[in-house]
Structure formats: C-alpha cells, structure tokens
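**Q** Throughout, my numbering is defined as the position within the sequence shown, counted from one, plus 455.
Please read through the structure below; I'll follow up with questions.
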Amino acid sequence: MKKNLLRNGAICAGVAAMMLTGCSSASSDSQTTAAVSSAEETEAGNAAEETASEAAADGEKITLTFWCHQNEPWIKAYEAMADRFEEANPEYEVKVESYPFNVYNDKIQTALTAGTAGPDIIAVWGGMAPSFIKSDALSEVPEEMAKQLDEDYMQPTTGIYKKEGKYYGVPMEYNLEYGGMIVNKKLFDEAGLSYPTTWEELRETSKKVAKKNGDLVEMKGFEMIDSDALICNYLAMILQQGGQYLTEDGSVDFATPEGIKAMNEILSMVQDGEDDLQNLTEGEYEFNDVYQDKGYMSSVGSWAIGEGTDSYGLTYGTDFEYVKVPQYGSQMGFASETGWGLLVPKNGAHVDDAWKYVEFFSQPENLVQHNIACSQLPPRKSMLDNEVYKEAMPQVTFLLDILPSGQWMGPYNTSDMRDVFNQMFIDLCQTDAPDVEQALKDASAEITANCRISYEN
C-alpha cells in the first residue's frame, strides 16, 4: 500500500517505477553497505544520544524526525499519531516529512549512508526493505518488541524484516492485495446486476459488462492486471487449488499443473476482452478505472477505500463498495508480501527515543486508529476481534476471517519478483500461441536465481 501508494502502495509507480531496479539488488546493496558502521559514526551516535538526554533534563523538547512517502490520507494518519504521542509525552516533538514515492527509496539510501544523523524513524514498504536490512544500517528491534513480533504478529507481516533470527522492522499493517474488490455500485445498479458471489458468476458478469474497442477495453469487467493485484491473485489461485509455488528449498516453481491452469485463466480475461494491459504497462492501479466509471470491479487491498473517499471525493455505499472477491478454488489460501513497517536507522540522532515512538505507535489502541485512518488491515492477532476496528471498518471485516489463512510470499525481494512476473505476463499476452508452461519455468528460474534475498530468516 501499501500501499502505493504501491502501494498508491501503493502507493505505487508500478512496473516502470519500482524502488529497486532489476532483480539483483547488488548495486544498491553495495552502495548502502558502504561505510555505514564506522567507529566515527558509532561515536557520533552515542554523542547524539547523550545530547538528547541532556536536552530532556534541561526541559527542551527532543525532536524526532519521521519520514514517509506522499499519500494524503496516510500523511494525515502519521500526523495524528505524532500528535497523540506528543500529548502523551510532552517532552517530544515529532516532525513528519513526506517525499514523492518515486524518489523515496534513493532518499532513504542516502540518509542511511550519511555520516551525519538522518531521520529517526522511517516508514518503509516491505518490498523496499531487503537492501536496507542487508546493509546493517538499521537498529535492531528491542527485545521486548521482538517478543511481541513472534507472539502476536501474523507471519506474513514480519517475514521480510527478520535477518539471522533478529528483527529490523516493525509492521504497521497486514498487506493483503487479495480477497476484496472495489465495485462501482452505480454501474451495477444501473445495469440491474447483483455482485457476483462465485468465480463462475464473476467471469460471467465480467464478460457481460465489458466493452472492447480494438485492443483497448473501454469498459472493464473484473480487473486484476496491475503491478500488485496480478501476482497476488495468481498465487491465491494456485493455493486455492491445493497447490504450492514454493518448494522445500525455498525456490519458486510456477510451472505446476495448478500454476499453469491459473495462468491460462488470467490470460483468458484478456483474450475475452474483460481487461487489458494498459494499467500494467503504464504503472497505474486498476481501481482508478472503477472510480472513474470505466470499470465494474477491481481486486485491490482495503487501503484503496480511502483513495475513493479522499482522493476522488466519492461516497461509500452510494458510489462504490468493497466486497469479497469470489474464491477461485475449493480451499482458502493466499500469499502476502510484508507490507508497510517502521525502521529505525543506526545513525539517527535519537535511536532509543525513536524506538519509544515505534513502541507507542504499535500499541493496539494506537495502531488501530492508524489502520482505520489508512483503511489498512491490522497486523496483530490480538486485533482481529478489536471492536473499535470492526465498528469503524464494517466494510472490510470479512477479510479479518481469512487473514490467518495467509502465507508469507517468501524470502524474495517482492518488488523485483513482481517485475519479472509482470513482464512475463505482458510477453505472454503479446505472443501468438504462447508456451505458458515454458514461460512459467523461465520466470520461476529467474526469480529463484536473482530475486532471493541474501540473508536468512
């Protein structure tokens, strides 16, 4: 969302603007690794901590700098959290600074390698995190918080943040790009149609409402072909057939009977004129079509609800709604990449104070307010029955029931993984009589060889 976002994730600039270029992150990793833990920087960090303590003793406020990417509803939520923290801890001032998503990754890398103190807390998309974690430029999650991550956070939310048994990030959300879809209520009402409740009804409705003009689909039916939704729906379709794409040694294998069947199903959506490649190739989110009356249904995470109300000024329940994506197979299953989380750089001026802020942010009574404001799903098991959340977010409570059925997408740089997968899909759609099985084998081999994160979890 994340997300951007990618998200928008949101978050997200899509195929052409992912934060990490190419499958192998060696170049960015090596830049980030350079000179991040020198003795001089350690000494400077200790001095900064001493200065912070002295400032507190003198009655001066300690200023914590919080970095995030530019997304209107999320910035409001971060600022509200900062206000809440300042009210509970008047000795602090939290300064929220936002940057365009397409420069955010480089901004963070520069800050982590700087000899002087940078931001104290950084909000980071999970797909961006591996190079930062590998660099050893981050402060380790304190022991008590790490225990909470093990005991109360659902596994997909923490996977990417763990290195050699230690955590270097704290999740803010359960990133789920499968399970729900934005529907254009006005279009459904005008057509006298009900929302589909089975996969067969979904495809039937999608074909019925879609309108094609040459290679361009002017009115789309069911949309799931963008940089986030495509791979997430595909993996869910494999798992719901009882299949698996991760082998025992952790490598990827899409070329299974379940994987081939699922890919042919998605390709048929393009062939039947229900959707096209426009959003995938242009790096846009498909839900924008639904909000602009150019599509009926779009698979996307619950975070996109806020885009409809805040960015488009639409009314939930009148203009659009968020409902279940009909299950493809006989059993529930899906894969999630680790979503947005909080990191604390080693070279920050106030490392201990920064973790105090993260701990405050992560308390269920505070985190629930952030998740509500950002239309996110909670990452903690203890929040699945949170009445405050359910009352504020009745439109997504159906997702809470399936969260425990999810698995982590795997030990891969998921930004790079998506790049490979999405390009494979584009090539398949643009090839006459494509060899689906061979394409899946090739993509699996490339992802396994080049996109796997280089640290063990």
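From the three backbone atoms N, C-alpha and C, an ideal C-beta is built for every residue, glycine too.
(1) DSSP puts residue 602 in a beta bridge; with which residues?
(2) Going by alpha carbons, who is nearest to residue 541 out of 557, 656 and 520?
(3) Any contact of the stretch 670-687 with the stretch 714-724, i.e. 3+ C-beta pairs under 8 Å?
(4) If you run the structure through DSSP and keep just helix, strand and coil, what is residue 855?
(5) Under the three-state reduction of DSSP, which class applies to residue 520: helix, strand or coil?
(6) Secondary structure at residue 640, three-state DSSP: helix, strand or coil?
(7) Kindly confirm or deny that the stretch 773-793 and the stretch 571-590 touch, where touching means at least three C-beta pairs closer than 8 Å.
(8) Spell out the partners DSSP gives residue 617 in its beta bridges.
(9) Checking 8 Å against the spacing of the C-beta atoms, do residue 695 and residue 600 come in under that value?
(10) Closest by CA to residue 777, which one among 609, 556 and 640?
(11) May I have a chain-ordered list of the beta strand (DSSP E) segments no shorter than 3 residues that lie completely inside the stretch 785-862?
(12) How about the stretch 696-708 and the stretch 647-663: do they share at least three Cβ pairs that are nearer than 8 Å?
(13) Could you check where the beta strand (DSSP E) with residue 751 kicks off and where it finishes?
(14) How should residue 655 be labelled, buried or exposed, when 16 other C-beta atoms within 10 angstroms of its C-beta is the threshold for buried?
(15) Taking all protein chains shown into account, decide if residue 668 is buried (16 or more other Cβ within 10 angstroms of its Cβ) or exposed.
(16) Which partner residues of residue 668 appear in the DSSP bridge assignment?
(17) May I ask you to list the residues that DSSP assigns as paired with residue 779?
(18) Can you look up residue 701 in the DSSP assignment and give me helix, strand or coil?
(19) Only counting the same chain, and skipping five residues up and downstream in sequence, which positions put a Cβ closer than 7 Å to that of residue 490?
(20) For residue 827, which residues of its own chain have a beta-carbon under 8 Å away from its beta-carbon, when the five flanking residues on both sides are left out?
(21) Roughly how many angstroms separate the alpha carbons of residue 901 and residue 891, rounded to a whole number?
(22) Between residue 631 and residue 822, how many whole angstroms is the CB-CB distance? I'm expecting something under 8 Å.
(23) Using 8 Å as the threshold, is the C-beta distance between residue 717 and residue 896 below it?
(24) Please look up how many angstroms separate the CB atoms of residue 735 and residue 526, rounded, as I've assumed it's under 8 Å.
(25) With a 10 Å radius around its C-beta and 16 neighbouring C-beta atoms as the bar for buried, classify residue 886 as buried or exposed.
(26) Measure the C-alpha to C-alpha separation of residue 590 and residue 750 and round it to an integer number of angstroms.
(27) Buried or exposed, going by whether 16 or more other CB atoms sit within 10 Å of the CB of residue 785?
(28) Starting from residue 577, follow the beta strand (DSSP E) in both directions and report where the run begins and ends.
**A** In terms of the structure at hand:
(1) As a first step, residue 602 must be located in the sequence shown, where it is residue number 147. When beta bridges are read from the DSSP output, residue 602 appears opposite no residue.
(2) What you label residue 541 is simply residue 86 of the sequence shown in a count that begins at 1. Residue 520 is the option with its Cα nearest to residue 541.
(3) Between the stretch 670-687 and the stretch 714-724, the count of Cβ pairs shorter than 8 Å is three or higher; the stretches touch.
(4) Numbered from its first residue, the sequence shown carries residue 855 at position 400. Three-state result, residue 855: helix.
(5) By one-based count along the sequence shown, residue 520 stands at place 65. The three-state secondary structure of residue 520, taken from DSSP, is strand.
(6) Counted from its first residue, the sequence shown places residue 640 at position 185. Reduced to three states, the DSSP call for residue 640 is helix.
(7) yes
(8) Against the sequence shown, residue 617 aligns to sequence position 162. Residue 617 pairs with 622.
(9) Mapped onto the sequence shown, residue 695 falls at position 240. Mapped onto the sequence shown, residue 600 falls at position 145. No, they are not a contact pair.
(10) For this step, residue 777 is matched to residue 322 along the sequence shown. Among 609, 556 and 640, the Cα nearest to that of residue 777 belongs to 640.
(11) 789-791 and 796-798
(12) no
(13) In the sequence shown, the residue the question calls residue 751 occupies position 296. Segment 750-754, the beta strand (DSSP E) holding residue 751.
(14) Along the sequence shown, read from residue 1 onward, the residue named residue 655 stands at position 200. Exposed, because fewer than 16 other Cβ atoms sit within 10 Å of the Cβ of residue 655.
(15) Numbered from 1 along the sequence shown, position 213 holds the residue referred to as residue 668. The residue in question, residue 668, is exposed, as its Cβ has fewer than 16 Cβ neighbours within 10 Å.
(16) The residue you call residue 668 lines up with position 213 of the sequence shown. Per DSSP, 671.
(17) One-based indexing of the sequence shown puts residue 779 at position 324. Answer is 635.
(18) As a working note, residue 701 is residue 246 in the sequence shown. Here DSSP, grouped into helix, strand and coil, assigns residue 701 to strand.
(19) For this step, residue 490 is matched to residue 35 along the sequence shown. Low confidence applies here, because residue 490 scores a pLDDT of 36, under 50, leaving its location unreliable; read the following figure in that light. Same-chain partners within the cutoff: 568.
(20) Stepping through the sequence shown from its first residue, residue 827 is reached at position 372. Excluding positions up to five away in sequence, the list reads 843, 844, 847 and 848.
(21) For the purposes of this step, residue 901 is taken as the residue at position 446 of the sequence shown. For the purposes of this step, residue 891 is taken as the residue at position 436 of the sequence shown. Approximately 15 Å between the Cα atoms of the pair.
(22) Here residue 631 is taken as the residue at index 176 of the sequence shown, counted from 1. Here residue 822 is taken as the residue at index 367 of the sequence shown, counted from 1. Contact flag wrong, Cβ pair sits at about 16 Å.
(23) For the purposes of this step, residue 717 is taken as the residue at position 262 of the sequence shown. For the purposes of this step, residue 896 is taken as the residue at position 441 of the sequence shown. Not a contact, by the Cβ cut-off of 8 Å.
(24) Taking the sequence shown and counting its residues from 1, the one referred to as residue 735 is at position 280. Taking the sequence shown and counting its residues from 1, the one referred to as residue 526 is at position 71. So it is not a contact: roughly 21 Å between Cβ atoms.
(25) The residue labelled residue 886 in the question sits at position 431 within the sequence shown. Counting C-beta atoms within 10 angstroms of its own C-beta, residue 886 has fewer than 16 neighbours from the protein chains shown and is therefore classed as exposed.
(26) The residue you call residue 590 lines up with position 135 of the sequence shown. The residue you call residue 750 lines up with position 295 of the sequence shown. When only Cα atoms are considered, residue 590 and residue 750 end up about 43 Å apart.
(27) Numbered from 1 along the sequence shown, position 330 holds the residue referred to as residue 785. Flag for residue 785 reads exposed.
(28) If you number the sequence shown from 1, residue 577 lands on position 122. Its beta strand (DSSP E) spans residues 576-579.
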